[in-house]
Amino acid sequence: MDTNDKVDRVAGLPESAIPMLPGMLPVTLPVTQGDHIIAGLAALAILIHVAETAIPSPLPGVKPGLANVITLLALLQYGWSVACWVALLRVVVGSIVLGTFLGPPFFLSMSGTLGSLLVLGLAWKWNECCTSLGAGVGCLRFGPLGFALMAAMAHMYGQFYAAYWFFIPHDGLFTLLPLLLTSSVVFGLLSGAIVLLVLRSLPQRTPQKADHESN
Amino acid sequence: MQTTWLRPGDYIAIVAALALLVASYAVYWSGLSQTALAEIRVEGKHWGHLDLFVNQTVTVHGKLGDSVIEVAGGRARFIHSPCTNKLCIRQGWVHHGGETAVCLPNTVTLQILSNDPRFDVINF
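Residue numbers (this note's numbering), protein chains in the order written: chain D, 1224 to 1438; chain E, 210 to 333.
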């Protein structure tokens, strides 16, 4: 994969097809290989996110969260910044597709995603510190299951506190928290297992420095 | 790359998550009050506050007669009321912020004060 492959193209149209007034300058957006990867993963995540709304849920907020599998794969194969792009694109575009953009579900989703990305970033840094310490030092590295579980818990906490502070500032909401946490532990481990199974079928890849270079 | 299912850090994460889960059940499902004050109103007007951590029995004079409210173990309830249906007594213990027990015929309300008493729900 050649990440230096920059392509100058204006949306695939020939220059003559674009109406120009005097004084206008054509804007070209160079598209990198990294952009393609992010777009592809984000499209997959959005697809799963939208399809998942067909699954009935016993409680609002209890979802399998299968789109997080894509975020975790992006993290483990391409690094944290690619995972951030994929996750945030999923939240924004998914909410546009579902018609909840800028509504309460969007803010809950966004707060949960920001929380889980923060925790994933910290855990990723922890793993990197372990690697830099070298072999032979007793350092506890996280694997996909650990990442998935922590991300799911952080997601649920982020969503819960956003709901508590901005939408339902009623103490009775806390009675719901143990149930939500139970579902996040169960589905977090499930997502982690799926990530592990998917990784076995994918070619080996560790994140490269060139992955999050853009333009 | 990832052929092992559980790495060393994963064990810590799972143990911590399960501990947090059990703790959340213990704290939020225990039935203990998160706040320390209950408010009693008669005919809509403030009658008095009750400290939930002081076991006490209070007699409130309402429209029909005397309602008796008991505070014990961080919770409060109606134990006696002059109404016919006794729905206030059947409400049982109230402990979480925002929870209420009300005797409408006697116009006596018992509410646990929550951290932010201004709103129950906000909608946009």
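The beta-carbon is built from N, C-alpha and C at its ideal position, and this holds for glycine as well.
Cβ-based contacts, 7 Å cut-off: residues of the region 1338–1370 of chain D near chain E: Leu1363, Arg1364, Phe1365, Gly1366, Pro1367, Leu1368 and Gly1369
Positions along the region 276–309 of chain E whose CB lies within less than 9 Å of some CB in chain D: His305, Gly306, Gly307 and Glu308
Through-space distance from Gly271 (chain E) to Leu296 (chain E), alpha-carbon basis: Numbered from 1 along the second sequence, position 87 holds the residue referred to as residue 296 (chain E). Numbered from 1 along the second sequence, position 62 holds the residue referred to as residue 271 (chain E). Leu296 (chain E) and Gly271 (chain E): Cα-Cα distance of roughly 16 Å.
Whole-angstrom distance between Leu1372 (chain D) and Pro217 (chain E), CA atom to CA atom: Here the question's residue 217 (chain E) lines up with position 8 in the second sequence. Here the question's residue 1372 (chain D) lines up with position 149 in the first sequence. For Pro217 (chain E) and Leu1372 (chain D), the distance between alpha carbons rounds to 14 Å.
Cross-chain neighbours of Leu1295 (chain D) in chain E, by beta carbon under 8 Å: Here residue 1295 (chain D) is taken as the residue at index 72 of the first sequence, counted from 1. Near Leu1295 (chain D) there are no residues of chain E at all, since even the closest Cβ is about 11 Å away, more than 8 Å.
Stretch-stretch touch, CB-based, cutoff 8 Å, three pairs: the region 1310–1327 of chain D with the region 1265–1272 of chain D: Flag = yes, the region 1310–1327 of chain D and the region 1265–1272 of chain D touch.
Which of helix, strand or coil DSSP assigns to Asn1227 (chain D): Numbered from its first residue, the first sequence carries residue 1227 (chain D) at position 4. Residue placement at Asn1227 (chain D) cannot be trusted, given a pLDDT of 42 that sits under 50; what the coordinates show is reported in the next sentence. Reduced to three states, the DSSP call for Asn1227 (chain D) is coil.
Neighbouring residues, chain E, relative to Thr1323 (chain D) (Cβ below 8 Å): Position 100 of the first sequence holds residue 1323 (chain D). Chain E residues near Thr1323 (chain D): none, gap ~12 Å exceeds 8 Å.
Given 8 Å, three or more beta-carbon pairs between the region 1341–1349 of chain D and the region 1399–1410 of chain D: No contact exists between the region 1341–1349 of chain D and the region 1399–1410 of chain D.
Contact with chain C by Val311 (chain E), beta-carbon distance below 8 Å: The structure shown contains no chain C; the protein chains it does contain are D and E.
8 Å Cβ cutoff met for Thr1398 (chain D) and Tyr237 (chain E): Counting from one through the first sequence, the residue named residue 1398 (chain D) turns up at place 175. Counting from one through the second sequence, the residue named residue 237 (chain E) turns up at place 28. Yes, they are a contact pair.
Range covered by the beta strand (DSSP E) that runs through Val267 (chain E): On the second sequence, position 58 is the one that residue 267 (chain E) refers to. Note, Val267 (chain E): beta strand (DSSP E), Gln265 to His270.
Listed by chain order, chain E residues near Pro1401 (chain D) by CB distance under 8 Å: Here residue 1401 (chain D) refers to the residue found at position 178 when the first sequence is read from its first residue. Per Cβ cutoff of 8 Å: Leu230, Ser233, Tyr234, Tyr237 and Trp238.
Beta-carbon contacts of Gly1338 (chain D) that lie in its chain and below 7 Å, excluding the five residues immediately before and after: In the first sequence, the residue the question calls residue 1338 (chain D) occupies position 115. Answer for Gly1338 (chain D): Ala1377, His1378, Tyr1380 and Gly1381, listed in chain order.
Residue span of the beta strand (DSSP E) that contains Ser276 (chain E), given as start and end: Taking the first residue of the second sequence as position 1, residue 276 (chain E) is located at position 67. It spans Asp275 to Ala281 - the beta strand (DSSP E) in which Ser276 (chain E) sits, taken as one unbroken run.
Whole-Å CB distance - Pro1367 (chain D) paired with Leu1419 (chain D), under 8 Å assumed: Reading the first sequence from its first residue, position 144 is the one you call residue 1367 (chain D). Reading the first sequence from its first residue, position 196 is the one you call residue 1419 (chain D). Contact flag correct, Cβ pair sits at about 5 Å.
Within chain D, the residues that Thr213 (chain E) reaches when beta carbons sit closer than 8 Å: Residue mapping note: residue 213 (chain E) aligns to position 4 of the second sequence, counting from 1. Residues of chain D passing the Cβ test: Gly1366.
Own chain, CB closer than 6 Å to Ala1306 (chain D), minus 5 neighbours either side, in chain order: Start at 1 with the first residue of the first sequence, and residue 1306 (chain D) comes out as number 83. Excluding residues within five positions, the ones whose Cβ falls inside 6 Å are Thr1294, Ala1297 and Leu1298.
From E:Phe328, E:Ser290 and E:Trp214, residue whose alpha carbon lies closest to that of Ala310 (chain E): Residue numbering aside, residue 310 (chain E) sits at position 101 when the second sequence is read from its first letter. Out of E:Phe328, E:Ser290 and E:Trp214, E:Ser290 has the C-alpha closest to the C-alpha of Ala310 (chain E).
Euclidean distance between Cα positions of Phe1383 (chain D) and Trp1303 (chain D): Here the question's residue 1383 (chain D) lines up with position 160 in the first sequence. Here the question's residue 1303 (chain D) lines up with position 80 in the first sequence. Straight-line measurement puts the Cα of Trp1303 (chain D) at about 24 Å from the Cα of Phe1383 (chain D).
Within 9 Å of chain E by C-beta, residues of the region 1256–1288 of chain D in sequence order: When C-beta distances to chain E are compared with 9 Å, every residue of the region 1256–1288 of chain D stays at or above that value.
Which residues DSSP lists as bridging Asp260 (chain E), in chain order: As a working note, residue 260 (chain E) is residue 51 in the second sequence. DSSP, once it has assigned bridges, lists E:Leu246 as partnering Asp260 (chain E).
Own chain residues within Cβ distance below 7 Å of Phe1410 (chain D), not counting five before or after: For the purposes of this step, residue 1410 (chain D) is identified with residue 187 of the first sequence, where counting begins at 1. These residues qualify, in order along the chain: Pro1287, Gly1288 and Ala1375.
Outcome for Ala228 (chain E) when other beta-carbon atoms lying within 10 angstroms are tallied against a minimum of 16: As a working note, residue 228 (chain E) is residue 19 in the second sequence. It counts as exposed.
Thr318 (chain E) classed as buried or exposed, judged by whether at least 16 other C-beta atoms fall within 10 angstroms: Residue numbering aside, residue 318 (chain E) sits at position 109 when the second sequence is read from its first letter. Label assigned to Thr318 (chain E): buried.
Three-state secondary structure (DSSP) of Gly1335 (chain D): Position 112 of the first sequence holds residue 1335 (chain D). Helix at Gly1335 (chain D).
Cutoff 8 Å: Phe1390 (chain D) Cβ touching any chain E Cβ: Counting from one through the first sequence, the residue named residue 1390 (chain D) turns up at place 167. Closer than 8 Å: yes.
is_contact[Met1224 (chain D), chain E] using C-beta, thresh 8 Å: For the purposes of this step, residue 1224 (chain D) is taken as the residue at position 1 of the first sequence. Because Met1224 (chain D) sits at a pLDDT of 42, beneath the cut-off of 50, its placement in the model cannot be relied upon, and the following sentence gives the value as read from the coordinates. By this cut-off, Met1224 (chain D) is not an interface position.
Counted within 10 angstroms of its Cβ, other Cβ atoms place Thr1336 (chain D) as buried (16 or more) or exposed: Translated into positions along the first sequence, residue 1336 (chain D) becomes position 113. Looking at its Cβ environment, which holds 16 or more other Cβ atoms inside 10 Å, Thr1336 (chain D) is buried.
Interface residues of chain D facing Asp219 (chain E) [CB-CB closer than 7 Å]: Taking the first residue of the second sequence as position 1, residue 219 (chain E) is located at position 10. Neighbours of Asp219 (chain E) on chain D, chain order: Phe1365, Gly1366, Leu1368 and Gly1369.
Span of the beta strand (DSSP E), counted from its first residue to its last, around Ile321 (chain E): Numbered from its first residue, the second sequence carries residue 321 (chain E) at position 112. Per DSSP, Ile321 (chain E) belongs to the beta strand (DSSP E) from Val317 to Ile321.
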